[in-house]
Amino acid sequence: MNANTMDSRAPNGTPDVLDTLVIGGGQAGLAVGHYLSRQGRQFLILDANTRIGDGWRTRWDSLRLFTPAKYNGLPGVPFPADPLSFPAKDQMADYLEQYAAASSLPVLTGVRVERLWREGGVYVAAANGNRWEARTVVLATGAERKPKLPPFAAGLDGSIVHFHSSSYKNPEQLQDGPVLVVGLGNSGAEIALEVSRTHPTLVSANPPREMPFKHGRTAARFILPLVRFVGLHVLTLGTPAGRKAAPQFRDHGAPLIRTRARDLAAAGVTFVSRVRGVQDGFPLLEDGSQPTVANVIWCTGFQEDLQWLDPALAAAAEEARQHGGEVQDPPGLYFVGRNFQHSAASATVTGSVHDARRVAGRIPVRHAANSNGRVALR
């Protein structure tokens, strides 16, 4: 247990009514906490992970960020690496943990909120047999909460090893024989390239959108600053171009950044048509063919899991998309870290920081923080 976290296993009675409860202790939640702390707010951050940063630690072994270190810092603490380097996922995880400690943010780890509802003018969150009440709530769980799998995935023959990309760690999880990677977002492209070094690899996907430049240090120095500016300030809900682009980003994600189709082709990856179902236990493609594969990795993305919200609050989540993360009715509910919440960059570290500052500034001031900046739980 880190010094900046509170033990979720400690007995709790009924807590004081908080000014703000932040649900989610990743980069978006910690950034919100930074701005609330600067405003002298009384708040608490609940994080489902055992350690701060585990959302990054649990991803595949070779993952590196697509953005250079100079853009991966949270407010007040630059990322401790070569500004033009692309940090490994464990570096990012450790940075978040150290950031929370250095900022003395009140984070309660190991708490996955099971239910959130509104009662008597306040929000109530329940988890681990405890409950917390708050006048305002910020949902900073982001867009990647529940793996999205096609319903026919369960019909694959038992001889085929298959799992979602969220469970992928390295090629050692695979058995001998060809691998079918279904989906070609950035995760799918990176995973397909890695497994192609040890297994014959097929990719089932529509032709992807791609960034029109080579990723790397040169791009980090000269091109990515422009991309960052466009993503933060041009493609936003406040511009016609941004409103036009928003559905594409929300439904299909960002274009391929580091690994592109030509890189996969050069590595010997074979492109096939989309998977439309399963027949006799094996993948069935749109062209009617059935490739013989021993492994399938479903790189089919994620979806928001709002089933833990009271139905009225879940319905309000869509409204928040039209107001940059703020729910108008009921008041006091905010989101941070969603795809294209305010801009094309909203789901990135840089974008979530910008959105966190905007959201924190909208929360009405009602209570001052305790002298130590923490919330005492009775």
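The sequence shown runs 1314 to 1691 under our numbering. Glycine residues also receive a C-beta, built at the ideal position from the N, C-alpha and C atoms.
Taking a contact to mean a Cβ-Cβ separation below 8 Å, would you say residue i touches residue j in this structure?
{"i": "Pro-1391", "j": "Pro-1381", "result": "no"}
{"i": "Arg-1573", "j": "Glu-1503", "result": "no"}
{"i": "Ala-1505", "j": "Val-1494", "result": "yes"}
{"i": "Ala-1440", "j": "Leu-1349", "result": "no"}
{"i": "Ala-1518", "j": "Leu-1497", "result": "yes"}
{"i": "Asn-1290", "j": "Val-1492", "result": "The structure shown does not extend to residue 1290, since the chain is modelled only from 1314 through 1691, so no value can be given for it."}
{"i": "Thr-1613", "j": "Leu-1409", "result": "no"}
{"i": "Arg-1651", "j": "Ala-1657", "result": "no"}
{"i": "Leu-1429", "j": "Asn-1499", "result": "no"}
{"i": "Trp-1611", "j": "His-1528", "result": "no"}
{"i": "Gly-1455", "j": "Gly-1337", "result": "yes"}
{"i": "Leu-1539", "j": "Gly-1664", "result": "no"}
Between residue i and the rest of its own chain, which residues show a CB-CB distance below 7 Å, the 5 nearest in sequence each way excluded?
{"i": "Ala-1413", "result": "Asn-1317, Leu-1343, Ile-1365 and Val-1420"}
{"i": "Val-1345", "result": "Val-1335, Val-1451, Ala-1453, Val-1649, Ala-1669, Val-1672 and Ala-1673"}
{"i": "Asp-1470", "result": "Gly-1594 and Phe-1595"}
{"i": "Arg-1458", "result": "Phe-1615, Glu-1617 and Asp-1618"}
{"i": "Phe-1526", "result": "Ala-1532 and Ile-1536"}
{"i": "Arg-1534", "result": "Leu-1397"}
{"i": "Val-1591", "result": "Phe-1465, Gly-1468, Leu-1469 and Leu-1597"}
Let me see if you follow: with CB-CB separation under 8 Å, is residue i close to chain C or not?
{"i": "Phe-1653", "result": "Absent here is chain C; the protein component of the structure consists of one chain."}
Could you compute how far the alpha carbon of residue i sits from the alpha carbon of residue j?
{"i": "Thr-1605", "j": "Thr-1514", "result": "11 Å"}
{"i": "Ala-1578", "j": "Leu-1331", "result": "54 Å"}
{"i": "Ser-1509", "j": "Gly-1581", "result": "7 Å"}
{"i": "Leu-1619", "j": "Glu-1446", "result": "19 Å"}
{"i": "Arg-1322", "j": "Gly-1442", "result": "Because the pLDDT at Arg-1322 is just 35, under 50, the model does not fix this residue reliably, and the point stays unresolved."}
{"i": "Gly-1339", "j": "Phe-1356", "result": "16 Å"}
{"i": "His-1475", "j": "Gly-1468", "result": "11 Å"}
{"i": "Ala-1341", "j": "Ala-1394", "result": "20 Å"}
{"i": "Gln-1404", "j": "Thr-1371", "result": "12 Å"}
{"i": "Asp-1407", "j": "Phe-1379", "result": "17 Å"}
{"i": "Tyr-1647", "j": "His-1667", "result": "14 Å"}
{"i": "Arg-1556", "j": "Asp-1564", "result": "13 Å"}
{"i": "Ala-1625", "j": "Thr-1583", "result": "46 Å"}
{"i": "Thr-1363", "j": "Arg-1444", "result": "19 Å"}
{"i": "Asn-1683", "j": "Glu-1507", "result": "With a pLDDT of 45 at Asn-1683, under the threshold of 50, the modelled position of that residue is not reliable, and no figure is offered here."}
{"i": "Phe-1399", "j": "Val-1678", "result": "38 Å"}
{"i": "Gln-1411", "j": "Gln-1352", "result": "21 Å"}
{"i": "Phe-1562", "j": "Gly-1368", "result": "22 Å"}
{"i": "Gly-1490", "j": "Pro-1560", "result": "38 Å"}
{"i": "Arg-1575", "j": "Asp-1600", "result": "23 Å"}
{"i": "Glu-1485", "j": "His-1512", "result": "10 Å"}
{"i": "Arg-1571", "j": "Val-1547", "result": "22 Å"}
{"i": "Ala-1681", "j": "Ala-1567", "result": "The predicted model places Ala-1681 with a pLDDT of 43, which falls under 50 and marks its position as unreliable, so this point remains unresolved."}
{"i": "Ala-1633", "j": "Ala-1438", "result": "19 Å"}
{"i": "Asp-1329", "j": "Ala-1558", "result": "43 Å"}
What does the Cβ neighbour count give for residue i, buried or exposed, with the cut at 16 atoms within 10 Å?
{"i": "Gln-1641", "result": "exposed"}
{"i": "Gln-1256", "result": "The structure shown does not extend to residue 1256, since the chain is modelled only from 1314 to 1691, so the question has no answer here."}
{"i": "Ser-1472", "result": "exposed"}
{"i": "Lys-1402", "result": "buried"}
{"i": "Leu-1376", "result": "buried"}
{"i": "Glu-1432", "result": "exposed"}
{"i": "Arg-1354", "result": "buried"}
{"i": "Thr-1549", "result": "buried"}
{"i": "Thr-1552", "result": "exposed"}
{"i": "Ile-1676", "result": "buried"}
{"i": "Ala-1628", "result": "exposed"}
{"i": "Gln-1654", "result": "buried"}
{"i": "Glu-1631", "result": "exposed"}
{"i": "Ala-1554", "result": "exposed"}
{"i": "Phe-1542", "result": "exposed"}
{"i": "Gly-1645", "result": "buried"}
{"i": "Gly-1434", "result": "exposed"}
{"i": "Thr-1422", "result": "buried"}
{"i": "Pro-1521", "result": "buried"}
Could you name the residues of the same chain whose beta carbon sits closer than 8 Å to that of residue i, not counting the 5 residues immediately before and after it, in chain order?
{"i": "His-1347", "result": "Leu-1387, Pro-1388, Gly-1389, Ser-1416, Leu-1418 and Ala-1669"}
{"i": "Leu-1598", "result": "Ser-1517, Val-1585, Ser-1586, Arg-1587, Val-1588, Arg-1589 and Pro-1604"}
{"i": "Ser-1602", "result": "Val-1585 and Ser-1586"}
{"i": "Tyr-1436", "result": "Leu-1334, Leu-1429, Trp-1430, Glu-1446, Ala-1447, Arg-1448, Thr-1449, Val-1450, Gly-1645 and Leu-1646"}
{"i": "Lys-1482", "result": "Trp-1373 and Asp-1374"}
{"i": "Asp-1623", "result": "Arg-1428, Leu-1429, Trp-1430 and Arg-1431"}
{"i": "Trp-1621", "result": "Val-1426, Glu-1427, Arg-1428 and Leu-1429"}
Just to confirm my understanding: we take residue i, look at its own chain, exclude 5 residues before and 5 after, and list those with CB closer than 6 Å. What are they?
{"i": "Ala-1361", "result": "Arg-1425"}
{"i": "Pro-1643", "result": "Arg-1431"}
{"i": "Gly-1501", "result": "Val-1494 and Cys-1612"}
{"i": "Ser-1479", "result": "Pro-1460"}
{"i": "Val-1662", "result": "Gln-1340 and Asn-1385"}
{"i": "Lys-1383", "result": "Pro-1396"}
{"i": "Arg-1530", "result": "Leu-1397"}
- At which residue ranges does the segment 1587 to 1658 contain complete alpha helix (DSSP H) runs of 4 or more residues, listed in the order of the chain? Note on the segment 1587 to 1658: whole alpha helix (DSSP H) runs with a minimum of 4 residues are 1624 to 1634, in chain order.
- Task: For the segment 1342 to 1385, list the beta strand (DSSP E) runs that are entirely contained and at least 3 residues long, ordered along the chain.
- Result: As far as the segment 1342 to 1385 is concerned, its whole beta strand (DSSP E) runs of at least 3 residues are 1356 to 1360.
- 3 or more residues per run - each beta strand (DSSP E) lying fully within the segment 1432 to 1505: Counting only runs that start and end inside the segment 1432 to 1505, the beta strand (DSSP E) elements of at least 3 residues fall at 1435 to 1440, 1443 to 1452, 1474 to 1477 and 1492 to 1495.
- Item | alpha helix (DSSP H) runs wholly inside the segment 1502 to 1539, at least 4 long, in chain order | 1530 to 1535
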